[in-house]
Every structure is written in structure tokens, then in C-alpha cells.
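A short write-up of the structure that comes next.
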Amino acid sequence: MCVNSCVGFTGPFADLDKCPKCNEQRFEDSLPGKPRKPRQQFLTNPIGPQIQAAWCSPESATAMKYCQQRTRTVLKDLQTNGNRVLELDDWIHGAEYIEAVRRGDITDDSTTLMLSLNGAQLYRNKQSDCWMYIWVLLDRSSDSRYKKRQVLIRGVIPGSNKPKNVDSYLFPGFQHIAALMREGLKIWDASTDRLFLSKLFVLFLTADGPGMQFINGLVGHSGRFGCRLYCSMRGHHKPGLGHYFPICLHPQGDYNVAGSMHDDINVRKFIGRQPQDEAANRYRANLRYLQESTMISMYKERRLETGIAKPSIVSGFPRGCTFSLPNCFPGDIMHLAVLNLTDLYTHHWRGSLACEAPDNKDLWDWAVFRNLRAWRTHGQHVASATPCLPGSFDRPPRNSAEKISSGYKAVEFLTYVYGLAPALLYGVLPMKYWRNFCKLVRGIRLMYQHHITAKQLAEAHKLLIEFVEEYEQLYYGREGARIHFVRQSIHALIHTSPETFRIGPYGILAQWTMERAIGNLGKEIRQPSNPFANLAQRALRRCQTNAIKHMFPAVEPEPASLPRGAYPLENKYALLYKCERKASVLPAAEARAVREFVSAEGIQMREDWHNQPTLTRWARLRLPTGQTAHSAWVEEPKET
């Protein structure tokens, strides 16, 4: 690869001796007759052997059959419910997947995969950017596929410069995948002692906004057609900026920009559950139109017209081995909700967005924290809420006034904006803005659920559509100077509910797994002088150790799901220590309620128990969600 990270010397660059971007030499100087040594290399970990290893023990092979077993259940439920999906708790409920199964593109022997790509900064105070990409085995259940030992580290693109041709780094691995798609991957099933040929099917390719541009070949969020789902909504250009913004209401006043003079867009008519082939057909036609360009100037014009910058590397996969482009590139609710929208709103509240004449920040009645004292007071309120948060909320948000611009974690933003802010801003933010914000919060909370009903999806869609419409009226208000308030993150909200019907719950496909892989691999770096090479070797070691754990599960048994002394119940409930050594006699009111419950449930108890009911009290109850409920018996202060 180029020492400046421009390109990898693969594919059309394989025979070059110099980087086509910066002209740096590919090889070190060497004596005549001696083999040439590359100045820098990148590592690609083939996925085929990793998939084979996942089938090499009876336990792991059984876990790999989750997809085929669950698919049968879903298809049976669809027949029972008149082909309607009433509840969604995995990508298997998505309409796109179900259609692929019915077409025969995906069979019981298929291996389903998801690619995730993202950039990473290894050190906070040092230029150390790199790129990492992973594969997730979607054949496993959602409670195991995202664990550290199940995630397949695909490779690392060293930095610290941004790569100028990511396709050249992806090419070796994608070439390997394409070969397995055409020829099949021979797998031995240790649970049934069966040898079969598996066809690989890449369902989704996910990334953050900048990373998705490299994979899908679109122009990105700043283009006229900047939607990452490639919808046909045209943006408005803001003079003086090289950006288009997805506003639905045409600006008033002297706004007159060529190519941006279209009428208002009724988002309720514009967005709906479009036929799945609509975007794919438009994409193919526009890509063909772009490729017919004969001059650079013509290419630039057509790039602007179509929203496509280049063919996607995914188009090299055999037909029927992935969803049609661009349907295989889903949205990412992690970056959308946790980083993009939270960033926008904190800037609104602090009044720190760019303000241009004739606009005036004194007119921004939503900027309730422009005053530094008010912002600091709010930050103290955020920090003081920590004792009120359940332990299942992971890391509580720190003081936003002190830490929000210095390492504030994504989970802190999530809890702060969608957990605490609606309460902390009540009576602080003007009511019309507070109501609009609460619609966003409720919609995001619903869309983040891993289990969501069709009724909840309809509610989320209604709330988010209303939020987008009201947001433009309240904050942008057809003012040309405020066009930049309406970012692609606002537009993306109108797609979330329809997309959930198509691909399953958004939370299942979010980038949390990728971010976690970056974090735990980064912690393993032990060579600061050459962190990128060390990171690549740690990724390789992770692949090797995970393969051994798949083949020999006894090497590292799965940790116990319940602590010592716990008493498991049905439906994933469990009683947690401590408990009474001797049953307690119940007060009269509680005894009456327990008798009624026992009678209603048909539970047989001894006659003497009915005369004087007794129960053994436990301190805590583990819920199916993983949260823990505490009993008043333990939590209330003891009398002295």
C-alpha cells in the first residue's frame, strides 16, 4: 500500500511501482537481484476459514442454525396472519429478506453476512486515524452475534492519512467473497456430521456517513440528492456553501438559486412504503446515464443530476448474492440519533450554529443556554441525575457544560438527550419547541427498540413526520439564512419506520458493534511506535483465537448468565440473591392478594398455607430485558 495511505496496490494498481495519487515509491530501495520489500502493507483476513471454524463444534454449529429455524417460524406466522408482519424483533422479519427467501436466493444452507466499516482515532491527542471493517454472522441469534468472540475482524486500513481509494483496500476481501459466492464454501456441520456447500449472501453493508460514501458510490450528505437511501428528494443549495440541504419548504424572499427553485415538497405524499425495486431501478438507470459521460464536464453535470459519483464496488458481487443496490445500504440509527441529532440540538440550545445576515441570534428564542451561567446550571442538573438512573443504563452522562466537547461518549449523549433532556428542559425551553422535541424523543425511543410492533411503528412514523414538518416551521421558517438548520439527519427520520418494515428493527443493524470492536482492539495496542501494524496483528490474533474458541468451546466457556445464588424462572426472569432463610408471614392485605392470585392461576397449595400464607422474600428480580428490579424489603432503610 502507499505509505501515505492513498491506495492499496491491488486490482488495477497491482502492477504499479508508484502511488497514482502522490507518486510515492511502492518499494524500498534494494540491491540488484534482491527481492523488493514494500514500504508499507495492510492486512486482509479471509472470511471463508472463519465461517468454516464456526461450524466445527456441535455447540457452535447449532447456534449457526438460528437463521434457518427462525425463518421457518416467520414464514409460518405470515401464512397465519394473512402475510402481515405484526411484530419485528430481528432482520428476519424484514420484507426484503422474506422476498429473497421466497425467490430462492437464500436457502437453509446459505451464510448471511453484514459488513460494517468505520473510521477510528486510536489516540485522543495524536493524529492516529485509521479505518477498520468487520463481518457479522447474521446466522446467529441477536443475543450472541454481536459478542466479541463472534465478530469477524475483516481488516485494518492503516493511517494516519485518509485513504483516497477505499475500494483498493476492500478489493482483496471482496474478491474472496465473490469467489465463494460463485463456487460456494464447503462446510462441515459438526452437529450432524454433514458436509454441505454454503452460498454466501451479503444482506447489509453499513457504515457512518463518510464511510458509506466509499461503499455505495453516492455523492454523500452534501449533494443535491444527499439521502443515503437514495430517495428522489432534491435538496436546496445555499449560496456560498458547497452543500445542498433537504428542506421541504421553499425559502421566501430573494432566494434565487439555479437548480433549487422547485416547489414545496409534501413529505406525507413524498414518503411512503415504495416498491422495493423503485430505488434499485432508478439507481441502475442513473448509473448507466453517468457512465455514458464522455467528458469530465459532462460527468460532473451528471453526477449533480443523479447523485451518483461512481459505481459501487458491491456491484461486482454475483447477482442474487446480495440485495439490489442501493437497498443493501441501510441507514444507521446509532450515528443518526446519538451523534448527528444530539449535536444539532445542543448547538440549537446553546445558540452556537452559524448565523448570517439578515438573521439575528437575538431572534433565536430556542437558544435557552446562550447564557453561560444557564448552561453551567443545566450541566450540573445533568450530573446530579446520576443517582436516579438504573444500573442498566451503563455509563451515566457527565456534566454536559464541562465535558460535552471533550470525550463525551455516545451512550452519554443517548441518555442525556433522549432520557434526561425532556424533563430537564420542561419549563426552560419554550413550550412549542419542547413539544416538538418530545415527538423526536418518543419516535427515537420506539425506533431504538429491538422488539417493535406494527402499531408502535405506525406511532413512530406519525410522530417523526410531524416532528420534521414542525421542525422546519419552527427553526427554519422559510428563511434563506437558516437553510443549514435542516440537515440530512432531519430528513433521514422520515425513512426510519418504512425502512424498519423493509429490513427489520434499526437497532439490530446499528454501528454499536463496529464501535465496540474499535474500542476493544484499540485497548490491545502495545506498540505505540507503530500502532497501525500492531493493530492489524491484534486483529489477526483475534481471528485466530476466535476460530479456536469456535472449534473448542471448552477453551473459554461462555460466562454464566446468572450470578451465584440466583433462581431462574420462566420467560427469562430470575430471582437474585439475597433471600430470606425462612419464609415470612404476610400481612392481611398482602395475604388476601396472594390467595386471589394463587386461586386465579390454579396453583395447588397446602391447606395450612391458605390459613396463614407465607412467602420467601428475595432482594432483586432480573427482567427479560436484562434490567434488575429491587425490592423495598432490601432498599428501604432498616429501622434501628
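Each residue of the sequence shown is one higher than the one before, starting from 1 at the first, in the numbering used here. Cβ atoms here follow ideal geometry from the backbone N, Cα and C, with glycine treated the same way. Bear in mind the structure is a predicted one, so any value in this text is a computation, not a measurement.
Next item on the list: Spell out the partners DSSP gives K186 in its beta bridges.
Entry: L197
Next item on the list: My understanding is that L152 touches L170, with C-beta atoms under 8 Å, so please give their C-beta distance in whole angstroms.
Entry: Between L170 and L152 the Cβ distance is about 15 Å, and since that is not below 8 Å, they are no contact.
Notebook entry, point to check: Does DSSP put C22 in a helix, in a strand, or in coil?
Noted result: coil
Margin query: Taking the beta carbon of Q612 as the centre, do at least 16 other beta carbons fall within 10 Å, making it buried, or is it exposed?
Written below: exposed
Next item on the list: Report yes if the C-beta distance between T71 and I92 is below 8 Å; otherwise report no.
Entry: yes
Notebook entry, point to check: What is the DSSP secondary structure of Q121, reduced to helix, strand or coil?
Noted result: strand
Margin query: Quick test of your reading: Y133 and G159, contact by CB under 8 Å. State the CB separation rounded to the nearest angstrom.
Written below: In fact, because the Cβ distance is near 14 Å, the residues do not count as touching under 8 Å.
Check: Since Y433 is in the alpha helix (DSSP H), which residue starts that stretch and which ends it?
Finding: Per DSSP, Y433 belongs to the alpha helix (DSSP H) from 431-447.
Margin query: I'd like the list of long-range same chain contacts for V585, defined as Cβ closer than 7 Å, with 5 residues on each side in sequence excluded.
Written below: Q612, T614
Notebook entry, point to check: For the region 234-291, which segments carrying the alpha helix (DSSP H) assignment without a break, of at least 4 residues, lie completely within its bounds, in sequence order?
Noted result: 267-270, 276-291
Margin query: My assumption, with CB atoms under 8 Å, is that T112 sits in contact with D139. Please give the rounded CB distance.
Written below: 6 Å
Checklist line | Assigned exposure category for D208 - 16 Cβ within 10 Å defines buried | finding: Buried is the call here.
Note to self: Nearest by alpha-carbon distance to R395: which of A383, K523, H450, K199 is it?
What the structure shows: Put simply, of A383, K523, H450, K199 the residue whose alpha carbon is nearest the alpha carbon of R395 is A383.
Next item on the list: Find out if the Cβ-Cβ distance for the pair A95, I333 is shorter than 8 Å.
Entry: no
Next item on the list: Please work out which residues of its chain come closer than 8 Å, Cβ to Cβ, to R398, disregarding the five sequence neighbours upstream and downstream, and give them in chain order.
Entry: V382, A383, Y408, E412
Check: Count the other CB atoms within 10 Å of the CB of D365; is the residue buried (16 or more) or exposed (fewer)?
Finding: exposed
Notebook entry, point to check: Which class does M114 belong to by DSSP, given the choice of helix, strand or coil?
Noted result: strand
Item checked: Spatially closest choice to P498 from N327, D109, L420, R620, by CA coordinates -> Closest in alpha carbon position to P498, among N327, D109, L420, R620, is N327.
Next item on the list: Specify, as a first and last residue, the run of the alpha helix (DSSP H) that Y475 falls within.
Entry: Segment: none, Y475 is in no alpha helix (DSSP H) and carries neither H nor E.
Notebook entry, point to check: For G217 versus S293, is the C-beta spacing smaller than 8 Å?
Noted result: Cβ atoms of G217 and S293: not closer than 8 Å.
Check: According to DSSP, is R542 helix, strand or coil?
Finding: helix
Check: Going by DSSP, what residues sit across from Y426 in a beta bridge?
Finding: As a beta-bridge residue in DSSP terms, Y426 pairs with L429.
Margin query: For Y418, which residues in the same chain have their Cβ closer than 7 Å to its Cβ, ignoring the five residues on either side in sequence?
Written below: V441, I444, R445
Note to self: If contacts are defined as beta-carbon pairs under 8 Å, then R606 and I465 qualify, I think. What distance do you get, rounded to the angstrom?
What the structure shows: The pair is not a contact, with the Cβ atoms about 59 Å apart (cut-off 8 Å).
Checklist line | Spatial neighbours of R376 in its chain, beta-carbon cut-off 7 Å, leaving aside the 5 residues before and after | finding: A401
Next item on the list: Within the region 338-391, note down every full alpha helix (DSSP H) run reaching 4 residues or more, in order along the chain.
Entry: 341-350, 372-384
Check: Using the beta-carbon count (16 or more within 10 Å), is T616 buried or exposed?
Finding: Flag for T616 reads exposed.
Note to self: For G331 and E87, what's the separation of their Cα atoms in angstroms?
What the structure shows: 20 Å
Item checked: the region 293-305 touching the region 175-188, judged by at least three CB pairs closer than 8 Å -> Of all C-beta pairs linking the region 293-305 to the region 175-188, fewer than three are shorter than 8 Å, placing the two stretches out of contact.
Check: If you draw a straight line from the C-alpha of L117 to the C-alpha of K238, how long is it?
Finding: 31 Å
Next item on the list: Can you tell me which of the three DSSP states T107 falls into?
Entry: T107: coil per DSSP, three-state reduction.
Checklist line | beta strand (DSSP E) segment containing T628, residue limits | finding: Its beta strand (DSSP E) spans residues 628-630.
Note to self: Can you tell me where the beta strand (DSSP E) holding Y133 begins and where it ends?
What the structure shows: 129-137
Next item on the list: Measure the beta-carbon distance from W188 to L195 and round it to whole angstroms, keeping in mind my assumption that it falls under 8 Å.
Entry: 5 Å
Checklist line | Own chain, CB closer than 6 Å to V85, minus 5 neighbours either side, in chain order | finding: Answer for V85: H93, listed in chain order.
Checklist line | Rounded Cβ spacing between G226 and G235 (contact assumed at less than 8 Å) | finding: 6 Å
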